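Sequence lines, in order, name chains A and B. So in our numbering, spot 229 of the first sequence is number 404, and the numbers just go up one at a time. So in our numbering, spot 82 of the second sequence is number 257, and the numbers just go up one at a time. We put the beta carbon where it would ideally sit given N, CA and C, even for glycine. Since we're looking at a predicted model, the values are computed, not measured. Please read the structure below before turning to the comments.
2 protein chains.
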Amino acid sequence: MAKKARRPAAPVTPAAPAVELSEADHRTLGTLRSLADRVVEGAVASRPPHLDIPSRSLGNVRFNKAKRFIEMGSGKNRRELFNLAQAKAYMQTMLVASGCKALVEQGKSTSIRGMYYLLKHTIAGTKEETFDEQADCDPIIEDVEVALNTLREELHIYAQNKGSIVGNLVFRDSGDEIDCSRMGSGGYTIPSIVEPNVIQFLKCDAKFILHVEKDTVWRRFNEDKFWRKHNCILTHGGGQPPRGVRRLLNRMHHELKLPIYCLLDNDPWGYYIYSVIKQGSINLAYESRRMAIPGAKFVGLRSRDFERCELSPSVIIRLNDQDIKRAKQIAQYPWFVDKKPWQKEIELMLRNGFKLEVESLISKDISYVTETYVPERLAEQDFLD
Amino acid sequence: MAKKARRPAAPVTPAAPAVELSEADHRTLGTLRSLADRVVEGAVASRPPHLDIPSRSLGNVRFNKAKRFIEMGSGKNRRELFNLAQAKAYMQTMLVASGCKALVEQGKSTSIRGMYYLLKHTIAGTKEETFDEQADCDPIIEDVEVALNTLREELHIYAQNKGSIVGNLVFRDSGDEIDCSRMGSGGYTIPSIVEPNVIQFLKCDAKFILHVEKDTVWRRFNEDKFWRKHNCILTHGGGQPPRGVRRLLNRMHHELKLPIYCLLDNDPWGYYIYSVIKQGSINLAYESRRMAIPGAKFVGLRSRDFERCELSPSVIIRLNDQDIKRAKQIAQYPWFVDKKPWQKEIELMLRNGFKLEVESLISKDISYVTETYVPERLAEQDFLD
């Protein structure tokens, strides 16, 4: 009698994959396998297994003036199996890599929370957990990303889903044709994974992208059909845009050759959001290459708008100590420090002693922002770079 | 020579409306006008102007056992213009009502932040602001809602946009036909305002609605095309669902006669989300009538799932003091206190001493939740009510 097939105990050992893999998936699997191969080779040659992982410390991050984004240096940290202080991290790294391999092979994706639960277990014969908490797993996921020079999305790990899109653009997403010009009042939710194997651009009539900070502002623009009148694409990222939004903006900018204008608040947080969209973030410098958009422009709000737009003193919000500290830090960012217009912008905000939200323009008229403010800035090509 | 027309100074006085108003808009305008008419009538009859506003205090909220949702009692508070302590609130109420009137007449909508900026100004001849901060404006908006017996959405004020939908449903949104079965990996963003004048259901083949707590879980179900296999609609609300999501669930449940099953975490927060979806919230009791879904069912996670699903002890999360306190409070809610299954559910969680997230099921298999957990509960009709 044939033995009954047993389901493998370890969740990271999938059943034989029955899914068709994309070219990108094959590439990712190749790099995951080569990681494992190097361990085997080392073992066969009786060398203690190790991994060299690019360092994500501040000291290994620099602003590349030619490329105009933040990138990682060449510093690496060696992680050795036969080193008591590093053995656990070494094993965790291998575990995350094997989890990613299982996801890619099965054609499935999960969140960082899902990855944590997928891999969390008590190591056989011990009371030791593979990961005690989420915070132990997250940096290891980043390690695997940098070590393999891949994006998290290529490892089939998704981030938070926030942000929506409407406009004169048609793309295919997982086989469905998405016409962003027929998306009603809600818009299409920008997925977390927008790599070319998921999203393929089909048709784009739009001439530029307007990216706004918040969904409330986005809805004013959508309700007024700004994107139709001005033939553009309209996106928001729910505050600091998540990875999926940044990556989609990056792809649209480069592949569809569309300029990107950012409408953000006149405050340090708005400046910072712009900085991350444009130059990448310091913490995740290794992803700048495929996330940063050095060509992005800042359309406003500007510190001078209080006078220029004749706003009422009622709408100003006083800067607090934290705002002032952050503004001074941002002024010193290497990519702002040499730019006179940005220095003047931040100086004026500090001199004003107040900040302004995009929503404050509604005090002029409900549609002032869509009918006057942005059209005027676009007509004058009046942006901060 | 003809005088040049001047733009009116007050932003709440719109230009003659050129938009076509829906029936609902006419109804809303009627109630707004009758509010103003009562002031005029009072003045003409030399009576001091006043408003009677239904009380939103806890004492005026009760659970209606017949209707099975939380509702407001008949208590009212009088707000008088010629009362120093009430004059400002009286004027603020009139101001919000006039702001809403302007929005409806112009066929535009805004956020509570937008409403605040729209109305904020220094009162002529004084140093007094109409509203000092957002927190002064929000309760007045709620006052206008209850005084007029309207929903915020009918006053053209939108809330946060979060939550997505996919599944076998077609509706029209602001003129665009939205086919939720062709929404790729991202899904359709559920708008904040989903009243019948915005969204009209066109075609529904689905047999039920599965509402899940988080977007990360939603994506597992969408990626596995659960809604296609099980012929349903799949929604999430990004945690505690915002008003638009609750209202859309309510409309689909009542108008399309679809049962709603909620997949939430096994923790006090999951219980609370269920409670709000089902019975309404205590703070906003006046909206239950059109938001609450007494027929909603709780599909899990359940406290007994740790044993039933043979989960690893690695995935449990210990209850903290706050969890225990909240769980005991929720057990005492009038709509849970008489339900033995709910009492057992909460007791078992407290006895377990731990909570479980939906994501923890991934430790069984990436698709355990979509292929085993929910299908088994559906087949057995095993729900908490």
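- By DSSP's assignment, Thr297 of chain B forms a beta bridge with B:Glu304.
- Within the DSSP secondary-structure output, Arg237 of chain A pairs in a beta bridge with A:Glu246.
- Interface with chain A (7 Å Cβ-Cβ cutoff): Arg421 of chain B is excluded.
- Among the CB atoms of chain A, none fall inside 7 Å of the CB of Asn372 of chain B.
- Scanning the segment 261-291 of chain B from its first residue to its last, the whole alpha helix (DSSP H) runs of 4-plus residues come out as 262-281.
- Interface criterion met: the Cβ of Leu293 of chain A is under 7 Å from a Cβ in chain B.
- Interface flag for Pro366 of chain B against chain A is set, since a Cβ pair is found closer than 7 Å.
- Judged by beta-carbon spacing, Ile505 of chain B lies beyond the 7 Å limit of Pro416 of chain B, meaning their Cβ atoms are not closer than that value.
- If you check the CB distance, Leu385 of chain A and Leu409 of chain A come in under 7 Å.
- Contact between the segment 325-336 of chain B and the segment 198-205 of chain B is present, with at least three C-beta pairs closer than 8 Å.
- In the DSSP annotation of this structure, the continuous segment of the alpha helix (DSSP H) that includes Thr206 of chain A starts and ends at Glu198 to Val219.
- Using a CB distance cut-off of 7 Å, Tyr363 of chain B counts as an interface residue toward chain A.
- The C-beta of Thr545 of chain B comes no closer than 7 Å to any C-beta of chain A.
- Between Ile452 of chain A and chain B, the shortest Cβ-Cβ separation is not below 7 Å.
- Secondary structure at Gln375 of chain A: strand, using DSSP grouped into helix, strand and coil.
- For Ile340 of chain B, the uninterrupted beta strand (DSSP E) run begins and ends at Ser339 to Gly342, by DSSP.
- When only Cα atoms are considered, Arg253 of chain B and Leu459 of chain B end up about 20 Å apart.
- In this structure, the CA atom of Glu246 of chain A is about 23 Å from the CA atom of Thr268 of chain A.
- The closest CA to that of Ile468 of chain B, considering only B:His429, B:Ile298 and B:Val319, is found on B:His429.
- Counted as a single uninterrupted DSSP element, the alpha helix (DSSP H) harbouring Val451 of chain A occupies residues Pro443 to Gln454.
- About 19 Å separates the beta carbons of Pro371 of chain A and Asn336 of chain A, which is beyond the 8 Å limit, so they are not a contact pair.
- Within the DSSP secondary-structure output, Arg465 of chain A pairs in no beta bridge.
- Neighbours of Ser249 of chain B across chain A, judged by C-beta separation under 7 Å, do not exist; the nearest C-beta is about 35 Å away.
- For the options B:Pro509, B:Gly445 and B:Ile298, the alpha carbon positioned closest to that of Leu270 of chain B is the one of B:Ile298.
- Taking the Cα positions, His405 of chain A is about 42 Å away from Ser456 of chain B.
- Around Thr364 of chain A, the same chain offers Asn336 and Ser339 as residues with beta carbons nearer than 7 Å, after the five sequence neighbours per side are excluded.
- Shown here for Pro516 of chain B: same chain residues with a beta carbon closer than 6 Å to its own, the five before and five after excluded, namely Leu559 in chain order.
- In this structure Gly445 of chain B is in contact with Glu388 of chain B, their Cβ atoms being roughly 7 Å apart against a cut-off of 8 Å.
- In the DSSP assignment, Leu553 of chain B falls within the alpha helix (DSSP H) that extends over Val549 to Glu555.
- Within chain B, no residue has its beta carbon less than 8 Å from that of Asn495 of chain A; the closest one is some 14 Å off.
- Out of B:Pro509, B:Lys519 and B:Asp540, the CA that lies nearest to the CA of Ala241 of chain B is found in B:Pro509.
- A contact between stretches requires three or more CB pairs, one per stretch, nearer than 8 Å, and the segment 391-402 of chain B fails this requirement with the segment 485-504 of chain B.
- Residue contact check for Glu308 of chain A against chain B: no CB pair falls below 7 Å.
- A direct Cα-Cα distance of roughly 12 Å separates Val319 of chain B from Ser230 of chain B.
- For Glu352 of chain A, the enclosing beta strand (DSSP E) has its first and last residue at Asp351 to Asp354.
- Cys379 of chain B is a Cβ neighbour of Leu431 of chain B, given a cutoff of 7 Å.
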